[in-house]
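J.:
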Amino acid sequence: MLSLPLLPSLSQAQADAASPAWPGERPVRFLVSASAGGSLDTLMRPLAQVMNTLSGGKYVVENQGGAAGMLAAAAVVRAEPNGHTLLTGGIHHMILPLAYAKMPYNTARDLNPIALIATVPNVVLVRNDSPIRSIQDLIASAKASPRGLNYGTGGQGSLQHLSTEYFCRLTGAPMQAVHYKGSAPAIADLLGGQIDLMFETMPNALTHVRSASLRALAVTSSQRSSQLPHTPTLAEAGVPELVVTTWYGIFSPAGIQPQTQAQIKTQLDTALASPALQKVWLDYGAKVDGPGSRDFKAFVQSELQNWARIAKKIDFKPAQ
Numbered sequence: 077m078l079s080l081p082l083l084p085s086l087s088q089a090q091a092d093a094a095s096p097a098w099p100g101e102r103p104v105r106f107l108v109s110a111s112a113g114g115s116l117d118t119l120m121r122p123l124a125q126v127m128n129t130l131s132g133g134k135y136v137v138e139n140q141g142g143a144a145g146m147l148a149a150a151a152v153v154r155a156e157p158n159g160h161t162l163l164t165g166g167i168h169h170m171i172l173p174l175a176y177a178k179m180p181y182n183t184a185r186d187l188n189p190i191a192l193i194a195t196v197p198n199v200v201l202v203r204n205d206s207p208i209r210s211i212q213d214l215i216a217s218a219k220a221s222p223r224g225l226n227y228g229t230g231g232q233g234s235l236q237h238l239s240t241e242y243f244c245r246l247t248g249a250p251m252q253a254v255h256y257k258g259s260a261p262a263i264a265d266l267l268g269g270q271i272d273l274m275f276e277t278m279p280n281a282l283t284h285v286r287s288a289s290l291r292a293l294a295v296t297s298s299q300r301s302s303q304l305p306h307t308p309t310l311a312e313a314g315v316p317e318l319v320v321t322t323w324y325g326i327f328s329p330a331g332i333q334p335q336t337q338a339q340i341k342t343q344l345d346t347a348l349a350s351p352a353l354q355k356v357w358l359d360y361g362a363k364v365d366g367p368g369s370r371d372f373k374a375f376v377q378s379e380l381q382n383w384a385r386i387a388k389k390i391d392f393k394p395a396q
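Positions in the sequence shown are counted from 1; adding 76 to them yields the numbering used here.
Okay, here's the thing in structure tokens:
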């Protein structure tokens, strides 16, 4: 688990100016749809810390991993739409409807997008002692192997799963998926040599790349990462069609009052503008994407449609 540096306190004047009527005296629960120590948890805790400084300590981060993120989302869907139970989710929730034929909620109908908060590049990783030193080496090695290569994922229907399958379809590289219950055991097996590669988020990858235990072949974002400036994008490496950026956002239950939603966005805007928070996130390879930067609801709809198209291209079938 990555350690989080303490963030400097904000001035009382800032705190007073950034405290609208919501949330009042009741605590606000951010349900993180992943286990402690993962990328989403790592980014959410310092954000909650800044929001607590602004509001006097009313924001609580709760990890509710399991069922690929459905447990936390379902809990938020069942909650009262009063702004006191919010989902910290992201791109993986756009893929869940494609991965599972039966779900306890409807993503488009039951989850209300409030704010996009961060974007994170993904990294194509192999062991540092691997003879594979580039994306073209990876493709050639997969094609030369009688059984192809094995890649790890954080679970059936995860972003890693669909991204890597799309990579295989685009390049003709034969690979077999090995699914784990989360990224941590997949990374452990990559380090141990049980699998050949994986696509992983930047916060989870950086520690291992910096320690030279894993090698970064490419980032999947449209631009190079400032944290790995010498690592090419997939487009630069010869796979321009595959551009994938992990993103995280805040969702409420459907039916929230517009005034409450606006107040949540105001507090998020103020917290996301904190230079201390931006520095912490940048160290993990994450970019702050404030709630005012784009129409989040339209963005969510476009992502649902985009991943539906990709699933069709790779003939991805949901689990029954």
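Don't be surprised by glycine CBs; every beta carbon is placed ideally from N, CA and C.
Bear in mind that the values here come from a model prediction, so they are computed numbers and not experimental data.
Please classify Asp391: is it buried, with 16 or more other beta-carbons within 10 angstroms of its beta-carbon, or exposed?
T.: Position 315 of the sequence shown holds residue 391. With fewer than 16 other Cβ atoms within 10 Å, it is exposed.
J.: How many Å lie between Asn128 and Lys134 at the Cα?
T.: Taking the sequence shown and counting its residues from 1, the one referred to as residue 128 is at position 52. Taking the sequence shown and counting its residues from 1, the one referred to as residue 134 is at position 58. Whole-angstrom Cα-Cα distance: 6 Å.
J.: Taking Cβ to Cβ, would you say Gln335 is nearer than 8 Å to Phe275?
T.: In the sequence shown, counting from the first residue as 1, residue 335 sits at position 259. In the sequence shown, counting from the first residue as 1, residue 275 sits at position 199. Contact flag unset, no.
J.: Report all residues from its chain with a CB closer than 8 Å to the CB of Gln37; omit the five preceding and five following residues, and keep chain order.
T.: The first residue shown for the chain is 77 and the last is 396, placing residue 37 beyond what the model contains.
J.: Which word fits Pro367, buried or exposed, when buried means at least 16 other C-beta atoms lie within 10 angstroms of its C-beta?
T.: Position 291 of the sequence shown, counted from the start, is the residue given in the question as residue 367. Confidence in Pro367 is poor, its pLDDT being 48 and thus under 50, which makes the residue's placement unreliable; the coordinate value appears in the next sentence. Pro367 is buried by the Cβ-count criterion.
J.: Quick check on Asp117: buried or exposed, where buried means 16 or more other Cβ atoms within 10 Å of its Cβ?
T.: Taking the first residue of the sequence shown as 1, we reach residue 117 at position 41. So Asp117 counts as buried.
J.: Please check the pair Thr277 and Ser115, which I expect to be a contact at CB under 8 Å, by giving their CB distance rounded to whole angstroms.
T.: Sequence index remark: in the sequence shown, residue 277 carries index 201 (1-based). Sequence index remark: in the sequence shown, residue 115 carries index 39 (1-based). The pair is a contact, with the Cβ atoms about 4 Å apart (cut-off 8 Å).
J.: Taking the beta strand (DSSP E) that Leu225 belongs to, which residues open and close that run?
T.: One-based indexing of the sequence shown puts residue 225 at position 149. Taken as a continuous stretch (DSSP letters only), the beta strand (DSSP E) holding Leu225 covers Leu225 to Thr229.
J.: Would you tell me roughly how many angstroms separate the C-alpha atoms of Ser378 and Gly325, rounded to the nearest one?
T.: Walking along the sequence shown from the start, residue 378 turns up at place 302. Walking along the sequence shown from the start, residue 325 turns up at place 249. Taking the straight line from one Cα to the other gives about 15 Å.
J.: Leaving out five residues on either side along the sequence, give the residues of the same chain with a beta carbon under 6 Å from the beta carbon of Leu187.
T.: Within the sequence shown, numbered from 1, the residue matching residue 187 stands at position 111. Once the five neighbours on either side are set aside, the close Cβ partners of Leu187 are Phe327.
J.: Where does the unbroken alpha helix (DSSP H) through Asn280 begin, and where does it stop?
T.: Here residue 280 refers to the residue found at position 204 when the sequence shown is read from its first residue. Residues Met278 to Arg286.
J.: Let me know the secondary structure DSSP gives Asn158 once reduced to three states.
T.: As a working mapping, residue 158 is identified with position 82 in the sequence shown. Reduced to three states, the DSSP call for Asn158 is coil.
J.: What does DSSP give as the partner residue(s) for Ala374 in the beta ladder?
T.: Within the sequence shown, the letter at position 298 stands for residue 374. Answer is none; Ala374 lacks a bridge partner.
J.: Suppose you measure from the CA of Ala89 to the CA of Ala338; what does that come to, to the nearest Å?
T.: What you label residue 89 is simply residue 13 of the sequence shown in a count that begins at 1. What you label residue 338 is simply residue 262 of the sequence shown in a count that begins at 1. Here Ala89 scores only 44 on pLDDT, less than 50, and its place in the model should not be relied on; the value that follows carries that caveat. Computed Cα separation, rounded: 21 Å.
J.: Starting from the C-beta of Leu310, find all residues in its chain whose C-beta is less than 6 Å away, skip the five residues before and the five after it, and write them out in chain order.
T.: In the sequence shown, residue 310 corresponds to position 234, counting from 1. Contacts found: Ala294, Thr296 and Leu318.
J.: Is it true that the CB of Phe372 sits closer than 8 Å to the CB of Ile190?
T.: Working through the sequence shown from its first residue, we reach residue 190 at position 114. Working through the sequence shown from its first residue, we reach residue 372 at position 296. Yes. Within cutoff.
J.: In whole angstroms, what is the alpha-carbon distance linking Thr240 and Pro394?
T.: If you number the sequence shown from 1, residue 240 lands on position 164. If you number the sequence shown from 1, residue 394 lands on position 318. About 16 Å.
J.: Using the Cα positions of Leu304 and Gln333, report the straight-line distance between them to the nearest angstrom.
T.: As a working note, residue 304 is residue 228 in the sequence shown. As a working note, residue 333 is residue 257 in the sequence shown. If you take the alpha carbons of Leu304 and Gln333, they lie about 42 Å apart.
J.: Distance, Cα to Cα, Gln299 vs Leu214?
T.: On the sequence shown, residue 299 is found 223 positions in, with the first residue counted as 1. On the sequence shown, residue 214 is found 138 positions in, with the first residue counted as 1. About 21 Å.
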